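Scroll down for the structure; my scribbles are underneath it.
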Amino acid sequence: MSWQILFQHAAFLFIVWLLVKPVGTFLARVFEGQPTFLDPLLRPIERAIYRVAGIDAAREMSWKVYAESFVLFGVLGTLLLFVILRVQTWLPFFDPTFLTTPLTPDLAFNTAVSFATTTTWQAYGGETTMSYTSQMLGLTAQNFLAGAAGLAVGIAFIRGLVREASATLGNFWVDVTRATLYVLLPASALVAIALVWQGVPMNFNPFIVLETLQGNEQIIAQGPVAALEAIKNLGTNGGGFFNVNGAHPYENPTLFTNWLEMLSIVVIPAALTYTFGVLSKRPLQGWVLFWIMMFLFVVGLLLTTWMEQNGNPQFVPFGVDQSMSEEQAGGNMEGKEVRFGAGGSALTATATSNGATGSYNSMHDSYMPLGGMIPLVNMLLGEIIFGGLGTGFYSIIVIALIGVFIAGLMVGRTPEYLGKPLDPTAVKFITLYTLIAPLTISFLTALAVITPMGLAGLTTNQGAHGFTEIFYGYTSSFANNGQNFAGLNANSLFYNITTALAMWAGRFGLGVLALAIAGYFAAQKCRPTTLGTLPTDSLLFAVLTIAVILIVGGLAYFPALAMGPLVEHLMLRF
Amino acid sequence: MKPQSQIYQRALFDSFRKLDPRWMARNPVMFVVEIGSVLTTLLFIQALFGAGQENPAFIGAIALWLWFTVLFANFSEALAEGRGKAQADSLRAARQDTQAKKLAAPTRDAKISLTPSSDLRQGDVYLVEAGDVLPADGEVIAGVASVNESAVTGESAPVIREAGGDRSAVTGGTLILSDWLVVRVTANPGEGFLERMIAMVEGAKRQKTPNEIALNILLAAFTIIFLIVCITLLPFSIYAVNANGAGTPVTITVLVALLVCLIPTTIGGLLPAIGIAGMDRLIRRNVIALSGRAVEAAGDVDVLLLDKTGTITLGNRQAVEFIAVGNVQERELAQAAQLSSLADETPEGRSIVVLAKEKYNLRGRDGGAEGMTFIEFTAQTRMSGVDFNGTAIRKGAPDTMIQYIASSGNNVPTELNAAVERIAKNGGTPLVVAQDGKGLGVIHLKDIVKGGIKDRFAHLRKMGIKTVMITGDNPLTAAAIAAEAGVDDFLAQATPEAKLTLIRGYQTGGRLVAMTGDGTNDAPALAQADVAVAMNTGTQPAREAANMIDLDSNPTKLIEIVEIGKQLLMTRGALTTFSISNDVAKYFAIIPAAFATTYPALQALNILGLATPASAILSAVIFNALVIIALIPLALRGVPYRAVGAAQLLRDNLLIYGVGGLIAPFIGIKIIDMLLVALRLA
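Note that the protein sequences, when read in sequence, are chains A and B. Those letters in the first sequence? Residues 443 to 1016, per our numbering, in order. Those letters in the second sequence? Residues 1330 to 2011, per our numbering, in order.
Laid out in structure tokens, this is it:
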């Protein structure tokens, strides 16, 4: 690994660290309903929304009502998007010349579910499927709303942890409104303007058809890209305007935009740890989570970079130069953009796979087996590393709670987190939560690899790599990430339905259980912290949590990883 | 106690009896292993007929070791129960059906009708006389008698039981040695103390405690996760064989072996034994827990309420100093004090005699003469003393004595007042001595804090437990003793209401409170406390309000009870951590072996260099079974508890059971594999 790449990585993470405190503090103010500097502008709008929608902002909800509202909001969003996509032929900006992929009912269903769950899995190619109206009113709108809903649940979860003897978790509609108005809209506006400055288009022009120097015809797609581009990352959605997503020069033209887009993914989920510290009045508890995430992020980033920068061992006998030099970025460059190289691609692969954001800028299918395994593992761990706007936060807490329960017993007390006892009811919710992922991912993968309908998706690769493609697909859907390993032809009735099921399980199965845990904890009294209490703000706790994340996560998926990327790696070497 | 060999024999027999699926279903983890054992046994039979997927010897060996896994787990539970059962047998012997002398009215002379003890009901009254066995639990309403309670407590020295006061509770099955008692029955047949005790030590009515339930849920979840892993591995393997065009899909035997190795059998198998052994540890310290929940709660306790007398201080005050006033010599005062106490048989009185002897070598009657008349303490005079040769010596509490001196027409020396005040301020009790109405000086009586108790409280503090001293003394005295004993807080002039309020206050703050008590007025507080230990010598209401009974009636034992509770939880946590850490090594043993034919490249994961796929899988299964046996002693004895903070405990135990659990199976599986090769079994 060259120092340039390491410097690039380090600088990126340094900026993340710098932003955590101010952004985290701001988020805490927003969701505590305290005044912010945006109030003069936004407060009247917020009030108007409540008046029109008939929301009583002062009325708090129990976890059940909160969860019902969350699911209802998701279902309504799905329906709305489904209708928009199905009738896009009748709406403005529909140009049949270029929109060659028909939005069949199953594809429209899959896309609707996908965008309403922040998965934004793309079984379609953006520029060949979606009209500008669909991109804006359908996809961009859902990017905001679904992202805000996830953030709201994350905030409600934090409230559950820090409240004491409380029957409520806040008001979902207020949280969604404030998340959209105070957080996502202003941030998107800033990012979008920066992107336009860097050359990202924001127009309604027809596609440009040119003749290239070689005399071929090239179609250059246009559209309101910058608006979607900003929120697709900020909302940890990731579905690109174009088929190749962040690799497209109109989505991600420069190294700077690549950085900015990755920051958009990472900063809010990272800052939520600080928000947690503020709300629980125990800043250290938040920082511990931050550094656990940071550690795992760095390990994944370095491994991926190392794997990709080293290149492909099978090229060596042919004397292919894969080293980094003035002339070339070097490394395994298949499926990568020259302007990002192995380093910029690895950073994006890590940030997007961790971040439940499918906005890749290189084709992970073409990564070295282990280089591609890291994003897969990141997703399998549950988007806990600076990931999943709101959702990643409760995922890491639930895993940490398993560690607290097992190890906590070893100090000779009923385990507790922030003074909340982990009694049978809490453990029941926590274990149910942990079961959903292996149930969904493993069974759907098993189904796909032995049925003809599933195997039909493997149009380019077979064997261990084909297995990885299918496994990756369901993992990505469940994690609400939406990253596609490519290679898998997922626009079929089978995959459109099964991936949508995985997305629902990952979004609502986990979300509702997280709220149940929050509701249960909120109702409990806090036990005071004594010397006999398991410390959850120490280095030891961080090490413990990381071990639990890796061991418990690893145990559930080791055989699948062995049958996919691991064996592929070994076969490549020997 | 029966001989050890008999306990082992019975445990061995019981481990087979417990194979009954209805029993096994209570423990999800081991139930899955049993199903796996049945399945592999059937596959073995199939293979014997030549239709198997693998070599019959291999399937047979796997099946055998899976059965061993189940049996080893059952054995651990049966062994833990064994000790309790032996004790229950001896208790049962005491609970014989006797003829009770039922009384028509609650007086000794009432008409007697002989009734079988099993017909006695709550509220009935019976008479027992020397040589009788008490037919039922009850409360003495008339009479005084010495009772041998060894059937319950194991302590053969007789105790006094009498009507009224704190010694009125009697237990069915105990023996009257002298005199008689009239007793009102407090428990219906089958609900008596002895029966409850038998049920508890036998574990017959053992209910899962909250933490045990929570852990069981977690273990069941792990089991489901690994079921998913193993079930989906078959289609994955079929895909790999088809796509690769090599090898055969993984067999059911291998999948079952993998499943059993992965699910947390170590903790799943030992979990019941850990719980029973925890109870047993209490019983061996002569504490009967009336609910398993209380044992667990003991580990969680944040606040200990300790009675001053008997727990923190020795039961009695002792004289430590003589302070003479005016021109009186200290020796003179000591002599007068000694004379006045010669007939005083209270411990305080005796300690005055002893101090005088120690300090001035005064013999009992040195300064005395014939014809001494001792004046006993009465509620009216509130002083005691002696008259001889026309001299009157008196001692008593300062206020009474000062009045006495003044009424004799003498001045009360200011030094005397100062001395009294100084002693009171330091937590002592002053006794004023006067001769012929003139103040001689003051005796300093002091509460003696038990040796080593300060260190114990310091340990408790490190464990995060707050100690609160409960005393009837005034705040000044209480503060002085609290400081000397090193408790964190105290409640002075404690009334039953004050205790109750204190406990509720702590509980509102989310703390768990433990206390001991014996008197009837302790009952409300005992009922409110999370862990309430009643002294066996205590009254019936106190024993009913408590959730543990200390047969030795030793209030200091509360501290041990807390440690046993912590040990119970720690043992569960340690073995769970160990069990789950083990899985890493097992994957490395089994996965390369299971896919040896499909993906030979996976041999790179065989980092242990296990000989063959069959030996690798068998070694993992054997290790998994043997580790249960190896850990039975730890499960029964419990993880040693040290009074250090949670952070250090966690670090140490994570190193031992977490990191150790990662490494141990690598070594164990390798050794078993080498043995299998050496014995040409694989």
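Glycine included, each C-beta is placed from N, C-alpha and C at the ideal position. Computed from a prediction, not measured in an experiment: that's the story for all the values here.
ask   = Going by other Cβ atoms of all chains shown within 10 Å of its Cβ, with 16 needed for buried, is A:V494 buried or exposed?
value = As a working note, residue 494 of chain A is residue 52 in the first sequence. Answer is exposed; the Cβ neighbour count stays below 16.
ask   = A:R949: buried (16+ other C-beta within 10 angstroms of its C-beta) or exposed?
value = Sequence index remark: in the first sequence, residue 949 of chain A carries index 507 (1-based). Classification for A:R949: buried.
ask   = Name the residues in the segment 1560 to 1581 of chain B whose C-beta lies less than 9 Å from a C-beta of chain A; which are they?
value = I1560, T1561, L1562, L1563, P1564, F1565, S1566, I1567, Y1568, A1569, N1571, A1572 and N1573
message = Rounded to whole angstroms, what is the Cα-Cα separation between B:E1661 and B:N1803?
response = Position 332 of the second sequence, counted from the first residue, corresponds to residue 1661 of chain B. Position 474 of the second sequence, counted from the first residue, corresponds to residue 1803 of chain B. The alpha-carbon atoms of B:E1661 and B:N1803 are separated by roughly 31 Å.
ask   = Between A:L957, A:P544 and A:F739, which lies nearest to A:F454 when the distance is taken from Cα to Cα?
value = Stepping through the first sequence from its first residue, residue 454 of chain A is reached at position 12. Measuring from the Cα of A:F454, the nearest candidate turns out to be A:F739.
Span of the alpha helix (DSSP H), counted from its first residue to its last, around B:P1759 = For the purposes of this step, residue 1759 of chain B is taken as residue 430 along the second sequence, with counting starting at 1. Segment T1758 to Q1764 is the beta strand (DSSP E) holding B:P1759; no alpha helix (DSSP H) there.
Residues in the segment 1809 to 1823 of chain B having any Cβ partner in chain A nearer than 8 Å = none
key: Interfacial residues, the segment 961 to 977 of chain A to chain B, with Cβ spacing under 8 Å   = K967, C968, R969, P970, T972, L973, G974, T975, L976 and P977
query = B:P1870: buried (16+ other C-beta within 10 angstroms of its C-beta) or exposed?
reply = As a first step, residue 1870 of chain B must be located in the second sequence, where it is residue number 541. Classification of B:P1870: buried, given that the 10 Å Cβ count is 16 or more.
ask   = Leaving out five residues before and five after A:E750 in sequence, what residues of the same chain have Cβ atoms less than 7 Å from its Cβ?
value = Numbered from 1 along the first sequence, position 308 holds the residue referred to as residue 750 of chain A. Taken in chain order, the residues that qualify are G773, N774, A784, S787, A788, Y809, M810 and G813.
query = How long is the line joining the alpha carbons of B:A1949 and B:M1529, rounded to whole angstroms?
reply = Sequence index remark: in the second sequence, residue 1949 of chain B carries index 620 (1-based). Sequence index remark: in the second sequence, residue 1529 of chain B carries index 200 (1-based). So the alpha carbons of these two residues sit roughly 38 Å apart.
query = Measuring CB to CB, does B:Y1568 end up less than 8 Å from A:I848?
reply = Position 239 of the second sequence holds residue 1568 of chain B. Position 406 of the first sequence holds residue 848 of chain A. Result no, Cβ atoms of B:Y1568 and A:I848 do not sit closer than 8 Å.
message = So if I threshold CB-CB distances at 7 Å, which residues from the segment 893 to 906 of chain A count as touching chain B?
response = Q904 and G905
request  = Could you please give the first and the last residue of the uninterrupted beta strand (DSSP E) stretch that includes B:W1509?
outcome  = In the second sequence, counting from the first residue as 1, residue 1509 of chain B sits at position 180. Counting along the chain, the beta strand (DSSP E) containing B:W1509 begins and ends at L1504 to V1514.
request  = Find the nearest neighbour of B:L1587 within the set B:F1917, B:N1982 and B:L1963, judged by alpha-carbon distance.
outcome  = Here the question's residue 1587 of chain B lines up with position 258 in the second sequence. Checking every option, the nearest Cα to that of B:L1587 belongs to B:F1917.
query = Does A:I487 come within less than 8 Å of chain B when only Cβ atoms are used?
reply = As a first step, residue 487 of chain A must be located in the first sequence, where it is residue number 45. Not an interface residue.
inquiry  = Runs of 3 residues minimum, wholly inside the segment 1632 to 1676 of chain B: which ones carry the beta strand (DSSP E) assignment?
reply    = 1632 to 1636 and 1642 to 1653
Opening and closing residue of the beta strand (DSSP E) in which B:H1773 lies = Sequence index remark: in the second sequence, residue 1773 of chain B carries index 444 (1-based). First-last of the beta strand (DSSP E) with B:H1773: K1767 to V1778.
task = Just mark A:Q410 as buried or exposed, buried being the case when its beta carbon has 16 or more other beta carbons within 10 Å.
result = In the structure as shown, chain A begins at 443 and stops at 1016. Residue 410 of chain A is therefore absent and cannot be evaluated.
request  = Specify, as a first and last residue, the run of the beta strand (DSSP E) that B:N1477 falls within.
outcome  = The residue given as residue 1477 of chain B occupies position 148 in the second sequence. Its beta strand (DSSP E) spans residues V1473 to N1477.
request  = Tell me, to the nearest whole angstrom, how far the beta carbon of A:G592 is from that of A:G832; I am working on the premise that it is less than 8 Å.
outcome  = One-based indexing of the first sequence puts residue 592 of chain A at position 150. One-based indexing of the first sequence puts residue 832 of chain A at position 390. Indeed they touch by this definition, with Cβ atoms about 4 Å apart.
message = Below 9 Å on C-beta distance, what does A:G861 contact in chain B?
response = Numbered from 1 along the first sequence, position 419 holds the residue referred to as residue 861 of chain A. Going along chain B in sequence order, the residues near A:G861 (Cβ under 9 Å) are G1839.
request  = Output yes or no for whether 8 Å exceeds the beta carbon distance between B:T1595 and B:I1957.
outcome  = As a first step, residue 1595 of chain B must be located in the second sequence, where it is residue number 266. As a first step, residue 1957 of chain B must be located in the second sequence, where it is residue number 628. Taking 8 Å as the Cβ cut-off, B:T1595 and B:I1957 qualify as a contacting pair.
task = Pull up the distance between the alpha-carbon of B:D1438 and that of B:T1500, whole angstroms please.
result = The residue labelled residue 1438 of chain B in the question sits at position 109 within the second sequence. The residue labelled residue 1500 of chain B in the question sits at position 171 within the second sequence. In a straight line, the C-alpha of B:D1438 is about 23 Å away from that of B:T1500.
request  = Measuring only between beta-carbons, confirm whether B:T1905 sits less than 8 Å from chain A.
outcome  = Position 576 of the second sequence, counted from the first residue, corresponds to residue 1905 of chain B. Interface residue, yes.
inquiry  = Strictly below 7 Å CB to CB, what residues from chain A border B:I1603?
reply    = Along the second sequence, read from residue 1 onward, the residue named residue 1603 of chain B stands at position 274. What B:I1603 touches in chain A: nothing, since even the nearest Cβ is about 11 Å away.
key: Beta-bridge pairing of B:S1442 - partner residues as DSSP gives them   = Numbered from 1 along the second sequence, position 113 holds the residue referred to as residue 1442 of chain B. DSSP output for B:S1442 lists B:K1431 as bridge partner(s).
request  = Can you give me the Cβ contacts of A:E659 inside the same chain, cut-off strictly under 8 Å, excluding the 5 residues immediately before and after it?
outcome  = To locate residue 659 of chain A, count along the first sequence from 1; it is residue 217. Closer than 8 Å at the Cβ level, and outside the excluded window around A:E659, lie V651, L652 and E653.
inquiry  = With distance defined between alpha-carbon atoms, name the residue in A:N700, A:L611, A:Q664 and A:W748 nearest to A:G568.
reply    = Locating residue 568 of chain A in the first sequence gives position 126, where the first residue counts as 1. A:G568 has its Cα closest to that of A:Q664, out of A:N700, A:L611, A:Q664 and A:W748.
ask   = Closest Cβ-Cβ distance between B:I1992 and chain A: below 8 Å?
value = As a working mapping, residue 1992 of chain B is identified with position 663 in the second sequence. By this cut-off, B:I1992 is not an interface position.
request  = Can you pull the chain A residues whose beta carbon is under 7 Å from the beta carbon of B:A1321, in chain order?
outcome  = Outside the displayed range of chain B (1330 to 2011) lies residue 1321 of chain B, so it cannot be described from this structure.
task = Might you give, ordered along the chain, the residues of its own chain that have their beta carbon closer than 7 Å to the beta carbon of B:G1696, omitting 5 neighbours on each side?
result = Taking the second sequence and counting its residues from 1, the one referred to as residue 1696 of chain B is at position 367. Caution applies to B:G1696, whose pLDDT of 49 falls short of 50 and renders its modelled position unreliable; the value that the coordinates give is listed next. Only Q1664 and L1668 meet the Cβ criterion.
key: Cα-Cα separation between B:K1331 and B:S1475, rounded to whole angstroms   = For the purposes of this step, residue 1331 of chain B is identified with residue 2 of the second sequence, where counting begins at 1. For the purposes of this step, residue 1475 of chain B is identified with residue 146 of the second sequence, where counting begins at 1. Interpretation of B:K1331 is limited by its pLDDT of 48, a score under 50 that renders its predicted location unreliable; no figure is taken from the coordinates.
task = State yes or no: is the C-beta of A:Y916 within less than 8 Å of the C-beta of A:A879?
result = Start at 1 with the first residue of the first sequence, and residue 916 of chain A comes out as number 474. Start at 1 with the first residue of the first sequence, and residue 879 of chain A comes out as number 437. No, these two residues do not count as a Cβ contact at 8 Å.
Within 8 Å of chain A by C-beta, residues of the segment 1911 to 1942 of chain B in sequence order = D1912, V1913, Y1916, I1920, F1924, Y1928, A1930, L1931, A1933 and L1934
ask   = What is the DSSP secondary structure of B:I1364, reduced to helix, strand or coil?
value = Taking the second sequence and counting its residues from 1, the one referred to as residue 1364 of chain B is at position 35. DSSP places B:I1364 in helix when its eight states are reduced to three.
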